[in-house]
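*Asks:*
In this note's numbering, the protein residues as written are 453 to 657.
1. For residue 472, which three-state DSSP category applies?
2. I need the DSSP call for residue 529, collapsed to helix, strand or coil.
3. Between the alpha carbons of residue 646 and residue 458, how many angstroms are there, rounded?
4. Tell me, which residues are paired with residue 607 by DSSP?
5. By the three-class DSSP mapping on this structure, what secondary structure does residue 567 have?
6. Take residue 593 and list the residues in its own chain whose beta-carbon comes closer than 6 Å to its own, dropping the five residues that flank it on each side.
7. Taking the alpha helix (DSSP H) that residue 506 belongs to, which residues open and close that run?
8. Residues in the same chain with beta-carbon distance under 8 Å from residue 552, minus the five sequence neighbours each way, listed in chain order, please.
9. Does DSSP classify residue 560 as helix, strand or coil?
10. So, at 7 Å on beta carbons, what are the nonlocal neighbours of residue 609 in its own chain, with the 5 sequence-adjacent residues on each side left out?
11. If you compare alpha carbons, which of 582, 591, 481 is closest to residue 573?
12. Do residue 539 and residue 522 have their C-beta atoms closer together than 8 Å?
13. Give the straight-line distance between the Cα atoms of residue 500 and residue 582, rounded to the nearest whole angstrom.
14. How is the alpha helix (DSSP H) around residue 547 delimited, first residue to last?
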């Protein structure tokens, strides 16, 4: 069983593999060799190489927004797709404008595309956020399909709900990165719950 989150040695970081825990993935040498072969595939190699450069050169210097721009430029991606939540429409507009200002061709698809009513999923009126009103479902598969049709080279998620992001990732043809995730309670900073888990949020978690 892999339990890296509870490891105190981090032999993977130091290279001291002889003293790695017995269940450390680093000890799975045959599996690691098979994994390394995947990085030799041209498209994967490009993503991995440029990711490493973005990490090292932007470390504690660049925001995530700047790193996304840097990564896309290094990979020579020109057509970018934005899958965003309707609740972050203003942020999406600003984000797309910034990307366009850096020379990218930007395609954006909102979560409510298609305006499919939630009843299609079997949601009852009493289960809606606003019972008694027309409430379209989020359509992450639609977001992926429409961006696939636009032949985007890199798709960027902005505030998709938990689960909807899973479906978007499953159906996207292009590689995906995340600009921001949804957390309505913590101003879209989900790590806030972790940082407060020993204090104010302890009873909740």
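Glycine residues also receive a C-beta, built at the ideal position from the N, C-alpha and C atoms.
*Replies:* Inspection of the coordinates gives the following:
1. Taken through DSSP and simplified to helix, strand or coil, residue 472 comes out as coil.
2. Here residue 529 sits in coil by DSSP.
3. Rounded to whole angstroms, the separation of the alpha carbons of residue 458 and residue 646 is 15 Å.
4. According to DSSP, which records beta bridges pairwise, residue 607 is partnered with 533, 628.
5. Residue state for residue 567 is assigned as coil, using DSSP reduced to three classes.
6. Result list for residue 593: 619, 623, in chain order.
7. Counting along the chain, the alpha helix (DSSP H) containing residue 506 begins and ends at 494-510.
8. Counting only residues of its own chain and dropping the five nearest sequence neighbours on each side, residue 552 has a CB closer than 8 Å to the CB of 558.
9. Strand.
10. Non-local beta-carbon contacts of residue 609 in its own chain, meaning distances under 7 Å to residues more than five positions away in sequence, involve 535, 617, 620, 628, 630, 631 in chain order.
11. Per the Cα distances, 591.
12. Going by beta carbons, residue 539 and residue 522 fall outside the 8 Å limit.
13. If I take the Cα positions, the gap works out to 44 Å.
14. Looking at the DSSP string, the run of the alpha helix (DSSP H) that includes residue 547 is 541-553.
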